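The block underneath contains the structure these notes are about, expressed in structure tokens.
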Amino acid sequence: MPKSTARCFIHRPARLKRRFAAIASVAALLMTVSPGGAETLKWARSLDVQTLDPHAYNENVTFAFNRQMYEGLVERSDDGKLIGVLATEWRMLPDHPDVWEFKLRRNVTFHDGAPFKADDAAFSIQRAMAPTSNVRTYLAAAAVEEAIAKDDYTVQVKTKGPSPLLPENLASIFIMNRAWAEKNDSVVPQDFKGGKENYAARHENGTGAYRLVSRESDRRSELEAYDKYWGIGQFPIDIDRIIYTPIQSAATRVSALISGEVNFLQDVPPQDISRLEQNESLRVVRGPEIRTVFLGVNTSANTLASGEAKGNPFADKRVRHAMNMSIDRLAIKSAIMRGESVPLGTIISPIADGYTEELGKFPKLNIDQAKQLMAEAGYPNGFSVTLNCPNDGMVNDERICQAVVAMLAKIGVTVHLDVQPSAVVWPLVLNRKTDFYLMTWGSYDSQLIFDNLVHSRGAWAAANYKNPEIDAKIELLRSEADPQRRKTIIAEIWKTVQDECFYLPIHAQVLARATQKKIHVTPNVGNQISVKTIKVDK
Amino acid sequence: MTGFFLRRLLSVLPVMLMTAFLSFAAFHFIGDPLQNMVGPEATAQDRARLAAELGFDRPFYIQFFRFISSALHGDFGISTRVGRPVLDLILERLPATLELAILSFIFAMIAGVALGVVTALRPRSILSGFSLTVSLIAVSLPNFLIGIGLIYVFAVKLGWLPSFGRGDTVKIGWWTTGLLTKTGWQAIILPAISLATYQLTLILRLVRTEMLEVMHSDHIRFARARGLPDRLIYFSYALKNTMIPVVTVAGLQLGSIIAFAVVTETVFQWPGVGLLFINSIRFSDVPIMAAYLLIVSIIFVTINMVVDCVYYLLDPRLRTGGVVR
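Going down the list, the sequences are from chains A and B. All letters in the first sequence, in the order written, are residues 1 to 538 by the working numbering. All letters in the second sequence, in the order written, are residues 1001 to 1325 by the working numbering.
In structure tokens:
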């Protein structure tokens, strides 16, 4: 997804202090008799964090780092379930379905020592709705109007009409301290386009298990365990120091792990997984990511913008089905993904709400039937089209596209491959300037997929599927609070999406993380590891 | 001398303008920087407003003119990825790249000249054969492979040196240096060697060829006939005469070391301007890409001019003969 950044430089203490530090650490070593001992997580990823301002930028790498320092009222557990963090319980008020009430955790303090109160939660939600906020989309999706502190430990969120998915959306809103933000001129989120940096972009004051020690952008960020964290005793917190380093080159990243310069590697390149597994001092953990990879076709254009065809072949459902049944998903899994994927017949992840096994089934590879469908649709000799394919958007994206070119050639579809960075491809999709493209999406529920990919006005709906009936159902879903009726509507919409086949699903990604043997990381479906839950062998 | 210098300066202007135009034009059509800034949920109005604010809706030539005129004032605009002034970002990263480039340049010069002399004077020695073979391999291997090879041997297998990063740095004014700390020195060794290989080979072979030629020239034979000691002949009379072409080539190579540090910086996660450039491509950050190319071409042109002037000073024939037009 699109990204932007903030660069921060905080310089570490003067060198002069190092000698004293060395003496002190020797002394500390001599005195240390505690059984645990200090454990540092040297964590490497391919990309750096863009900003520490929790509401300025909505991007996974940034969010995954900031969640070590900041917490929301609720969050997603490693397996994707919604759990309470700064809120202990929440409910939609029975006589006011447009108000959600959250009861807050007591005895929580921010890193500067200030106690956490309902006023901070209300302030943070309001802050996240500012025009410069990049996470306001979550609050807009839940139709949030305002947040009010009822008393010190109760906060109410008012929405325009009933908003069944409000708690889910709040999982992306971190809580800040109002007094700290006001004192440091950070009442509104950092403004990227204005070229401004605020205090919160380089400093933090969250309630999380770790606090910032130093940060140099694109180089390293250091965190230490917060000694007054409310969750001490509830979480292992075996790691007491985190050193986070971005390393872009895949080969260097893997080398750094093998040589012991880092001990936790995210974004493990698939081609290195088996080699790392054979290394006895390392541990590789795999788990599904809540993200699917699929192709999209523009169904509404009159003619193809690229390639040669009579009219727009993608407007014909038979062509779409023919293409769908000529994609060999099992071959992609074994030859390209080296087994690290879950082939799918739908664009919703098997982990997300609304997935069924029925949806997941994919058509059998059947070239004869596909050819017959092509002939029936009036394309016995096929047609040609350009496939817009990113090369840094998902695991092995370029190679998947190359495979698709070869597979579609068998039914007469000549595909010209146009491979470019995702910074080029995503705008084509957003502006609907593509006939045929490779895309990825990950969300925890069906509704967000419908809103963005299925609704004719959805931000990423470059398939341009136009069906007023489906649009109406999606809109209905936004304020439908009754779980049973929601389920029915969701199933109906999915049935149409599958029948119409304007997306050609490929697979769900499987992610791997590698660590030194003694470090145990639980896979996280959102690809957002929570360091406080990491266990270390003593 | 002044006339010579001024003429060179004048000839540089069209070159710079052309570079600026090409880089601006090429990057102008890459990606959609607006998208990075407004996010996926922005409405058409949001985009239009931002485009107007940033001047993206103006005709190309007006945007280009604005780019040139602000660049002349040292203003390269604001990075669309980071939201900070481009010049600040480049200046922040420049020390890392310059330290790496200059260190590998010095290394390539010293080792290149020394090995060049040895291979010319003692062609049958083991050291000569070894350095000629290795240099042939080094020059034919792509730079990133050399980098990864060094990492594999010295970081993974032997564990002597770090595989990435810059180590600890010290801040002196706006300049950050890694050359005052132990970890800084450890970190710079591998990338510097990797960056130096190509230049080293080039200088080695150049010195060798020139040296062999000079050794057969009349003034060396006369010096020999006079019974001057070998050491004096080799290092004072012969080497001095080989150095003029070497200085020219080395000067030009310094420019390309700085410009092409991109690959080395990516392999070693070296936080210099090359890495900044790569990131900018990924996020189609046009102001940084354009400014980077412009600054690199300024460095190139400046070094070129300095080389010309040094050449002019070194070689008396340029001053007296009809060579100066």
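Heads up, the beta-carbon is just placed ideally off N, CA and C, and yes, glycines get one too. Keep in mind that this is a model prediction, so the values were computed, not measured.
Distance from the CA atom of Y1311/B to the CA atom of M1243/B, rounded to whole angstroms, is 10 Å. As computed with DSSP, N388/A is found in a beta bridge with D418/A, Y437/A. Note on G206/A: 16 or more other CB atoms within 10 angstroms of its CB, so buried under the neighbour-count rule. Taking all protein chains in view, the Cβ of P313/A is crowded by 16 or more other Cβ atoms within 10 Å, so the residue is classified as buried. Remark: C-beta atoms of V254/A and D272/A approach each other more closely than 8 Å. In this chain, D151/A is not harboured by any alpha helix (DSSP H); it is covered by the beta strand (DSSP E) spanning 144-151. When DSSP reads this structure, E101/A sits in a beta bridge with R91/A, Q156/A. Of all C-beta pairs linking the stretch 1168-1181 of chain B to the stretch 1092-1104 of chain B, three or more are shorter than 8 Å, placing the two stretches in contact.
Of all residues in the stretch 1156-1171 of chain B, only V1156, G1159, P1162, S1163, F1164, G1165, R1166, D1168, V1170, K1171 come within less than 8 Å of chain A when Cβ atoms are compared, listed by chain position. 8 Å or more divides the Cβ of I290/A from the Cβ of S384/A. Note that the C-beta distance between G296/A and A142/A is not below 8 Å.
Fewer than three beta-carbon pairs drawn from the stretch 1231-1245 of chain B and the stretch 1132-1148 of chain B are found closer than 8 Å, and the two stretches are therefore not classed as touching. The straight-line gap separating the alpha-carbon atoms of P131/A and S124/A is approximately 14 Å.
The residue from T346/A, A331/A, G345/A with its alpha-carbon nearest to that of G339/A is A331/A. Within the stretch 174-227 of chain A, the complete beta strand (DSSP E) runs of at least 3 residues fall at 210-216, 220-225.
Annotation: Cβ neighbours of V1267/B in chain A (cutoff 8 Å, chain order): S249, A251, T252.
The shortest C-alpha to C-alpha distance from I258/A to any of L1115/B, S1163/B, E1053/B is the one to S1163/B. Less than 8 Å separates the beta-carbon of N302/A from that of G311/A. For I493/A, the enclosing alpha helix (DSSP H) starts and ends at 483-500.
With its beta carbon less than 8 Å from one in chain A, Y1152/B belongs to the interface. Taken through DSSP and simplified to helix, strand or coil, L365/A comes out as coil. Looking only at A179/A, D53/A, T51/A, V61/A, the smallest Cα-Cα distance to G526/A is reached by V61/A.
Residues K518 of the same chain have their beta carbon placed closer than 7 Å to that of D537/A, with the five preceding and five following residues left out of the count. Within the stretch 414-435 of chain A, the residues whose Cβ lies closer than 7 Å to any Cβ of chain B are, in chain order, P421, A423, V424, W426, P427, L430. V342/A and V85/A do not touch by the CB rule: their CB atoms are close to 29 Å apart, not below 8 Å. Taking a Cβ-Cβ threshold of 7 Å, none of the residues of chain B is close to I243/A; the smallest such distance is about 11 Å.
In the structure shown, P288/A adopts extended strand secondary structure according to DSSP, grouped into three states. Measuring C-alpha to C-alpha distances from M1109/B to each of I1203/B, I1288/B, F1268/B identifies I1203/B as the nearest. Proximity of chain B to R219/A at the Cβ level (cut-off 8 Å) is accounted for by G1165, R1166, P1271, in chain order. Under a 10 Å Cβ-count criterion, V1015/B is classified as exposed, with fewer than 16 other Cβ atoms of the shown protein chains found around its own Cβ. Not a single CB atom of chain A sits nearer than 8 Å to the CB of I1295/B.
In the three-state DSSP reduction, L41/A falls in the strand class (E or B). A direct Cα-to-Cα measurement between L41/A and Y153/A gives close to 34 Å. Under the 8 Å criterion on CB atoms, L1204/B is classed as non-interfacial with respect to chain A.
Sixteen is the threshold: when 16 or more other Cβ atoms of the shown chains lie within 10 Å of the Cβ of H111/A, as they do, the residue is buried. In this structure, V1086/B sits near A1291/B, with a CB-CB distance shorter than 8 Å.
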